[in-house]
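*Asks:* Below: one structure in structure tokens.
There are 2 protein chains.
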Amino acid sequence: MRIGELAERAGVSTRTLRYYESRGLLPAADRGANGHRVYGDDALRLVAQIRTLQDFGFELEDTRPFVECLRAGHPAGDSCPDARAVYRRKIAELDGLMAELRSARDHLTAQLARAEALPPPCGAGGSDTDVPLCGG
Amino acid sequence: MRIGELAERAGVSTRTLRYYESRGLLPAADRGANGHRVYGDDALRLVAQIRTLQDFGFELEDTRPFVECLRAGHPAGDSCPDARAVYRRKIAELDGLMAELRSARDHLTAQLARAEALPPPCGAGGSDTDVPLCGG
DNA sequence: GCTTGTCCTGACGTCGGCGTCAACGTCTAA
DNA sequence: TTAGACGTTGACGCCGACGTCAGGACAAGC
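Residue numbers (my numbering), protein chains in the order written: chain A, 809 to 944; chain B, 809 to 944.
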């Protein structure tokens, strides 16, 4: 399988595949006599693993243990301790991030409520204001 | 007040202040004869407003209605309808983002539990593994 | 006159994950 | 034989919010 076919089957661009290779994530199994990259069917699983994790918000570097686990012949990317450690770290990161977002959200909600409770200012920006201009 | 003093009092860099100006957020009140920027005391409030919102995850552009509201002489940055609309939009964005993160977190947690339930693979990455190598 | 301190503008660097283009080689079907 | 579809490498562009450097101007104090 050449890069174009792998790209199409995996639903990514050839540029993406070359980028993965440049990061050492997905080296081509071989090169043809013409220098073209040649991939085995397993490459499809590797790309799918990367994409799945990226969808969960993983950076490329965080997918490495999973990919290497698969390449080592293990049945799943998360069969290896390194990969599971990334799972745990990511879950912790998400928890921390969500806590921050919750805090920000609560703060903003309170600010909005406070602002809305105040009398509307006169001619204060926004074309959809229904308060008459003051003074004059 | 010149840029250095404003920067120090506001707790930002001079580069940041010049950047804000380049974005049209914080034009200097005036220029001295030597071309130096001159700010009034109100600039300090504008910068504080920007930083506060940035801490909540606002992009610079999203702080514009608040800053303009202040510059228009209103008592608070969120006195104006435009600014409050941004509040609402941001809250909605946060809600959406948190929902995504929750979903990802739940998914990862389930994946981790599933992976942990499986028998540990043999010599599968990770130096801290306590399972003996298989085969041999 | 020299140093020190503050200011100016302009421009490139950073980070991640590619998109996009250039300029070229290679393979295949008509 | 030639067009066109595929492949190659290299390099710049993008986004956001600045950091950092280059090169220069101006004022005060010694």
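For every residue, glycine included, the Cβ atom is placed at its ideal position computed from N, Cα and C.
Just to confirm the assignment, what range does the alpha helix (DSSP H) spanning Asp-914 of chain A have?
*Replies:* 889-925
*Asks:* If Leu-825 of chain B and Ile-811 of chain B are in contact, beta carbons under 8 Å, what's the gap, nearest whole angstrom?
*Replies:* With a Cβ gap of about 6 Å, Leu-825 of chain B and Ile-811 of chain B count as contacting.
*Asks:* Looking only at DSSP bridge pairs, what is Val-846 of chain A linked to?
*Replies:* Note: Val-846 of chain A is bridge-paired with A:Asp-838 in the DSSP secondary-structure output.
*Asks:* Cβ closer than 7 Å: which chain B residues qualify as neighbours of Asp-886 of chain A?
*Replies:* Gln-919 and Ala-923
*Asks:* Look at Ala-837 of chain A and Tyr-847 of chain A and say whether their C-beta atoms are less than 7 Å apart.
*Replies:* yes
*Asks:* Along the chain, where does the alpha helix (DSSP H) that runs through Phe-864 of chain A open and close?
*Replies:* Taken as a continuous stretch (DSSP letters only), Phe-864 of chain A belongs to no alpha helix (DSSP H), as it is neither H nor E.
*Asks:* Whole angstroms are fine: how far does the CA of Met-809 of chain B sit from the CA of Arg-831 of chain A?
*Replies:* 49 Å
*Asks:* Does the Cβ of Gly-885 of chain B have 16 or more other Cβ atoms within 10 Å, making it buried, or fewer, making it exposed?
*Replies:* Gly-885 of chain B comes out buried.
*Asks:* Counting only C-beta atoms, is Ala-900 of chain A closer than 7 Å to chain B at any point?
*Replies:* So no, Ala-900 of chain A is outside the interface.
*Asks:* Please classify Glu-876 of chain A as buried or exposed, where buried requires at least 16 neighbouring CB atoms within 10 angstroms.
*Replies:* By the neighbour-count rule (16 or more Cβ atoms within 10 Å), Glu-876 of chain A is buried.
*Asks:* Within 7 Å of any Cβ in chain A, is that where the Cβ of Ala-907 of chain B sits?
*Replies:* no
*Asks:* Return yes when the Cβ of Ala-880 of chain B is within less than 7 Å of the Cβ of Leu-852 of chain B, no when it is not.
*Replies:* no
*Asks:* Please check if any C-beta of chain A sits within less than 7 Å of the C-beta of Val-820 of chain B.
*Replies:* At a cut-off of 7 Å between beta-carbon atoms, Val-820 of chain B makes no contact with chain A.
*Asks:* Along chain A, in chain order, which residues have C-beta atoms closer than 7 Å to that of Gly-865 of chain B?
*Replies:* Ala-912
*Asks:* Which value, in whole angstroms, describes the spacing of the CA atoms of Asp-890 of chain A and Ala-923 of chain A?
*Replies:* Straight-line Cα distance between these residues: approximately 49 Å.
*Asks:* Is Glu-867 of chain B near the ligand ATP, in the sense that its beta carbon is under 6 Å from a heavy atom of that ligand?
*Replies:* With respect to the ligand ATP, the structure offers nothing, as it holds no ligand at all.
*Asks:* Please report the straight-line C-alpha distance between Leu-926 of chain B and Glu-908 of chain A, rounded to a whole angstrom.
*Replies:* 34 Å
*Asks:* Could you spell out the range, first to last residue, of the alpha helix (DSSP H) harbouring Ala-818 of chain A?
*Replies:* 811-818
*Asks:* What is the DSSP secondary structure of Val-939 of chain A, counted as helix, strand or coil?
*Replies:* Because the pLDDT at Val-939 of chain A is just 45, under 50, the model does not fix this residue reliably, and the point stays unresolved.
*Asks:* Please say whether Val-855 of chain B and Pro-873 of chain B have beta carbons closer to each other than 7 Å?
*Replies:* no
*Asks:* Tell me which same chain residues have a C-beta within less than 8 Å of the C-beta of Arg-839 of chain A, skipping the five on either side of it?
*Replies:* Excluding positions up to five away in sequence, the list reads Arg-845 and Val-846.
*Asks:* List, in order along the chain, the chain A residues whose C-beta lies closer than 7 Å to that of Leu-868 of chain B?
*Replies:* Neighbours of Leu-868 of chain B on chain A: none; closest Cβ ~16 Å, over 7 Å.
*Asks:* Leaving out five residues on either side along the sequence, give the residues of the same chain with a beta carbon under 7 Å from the beta carbon of Phe-866 of chain A.
*Replies:* Lys-898
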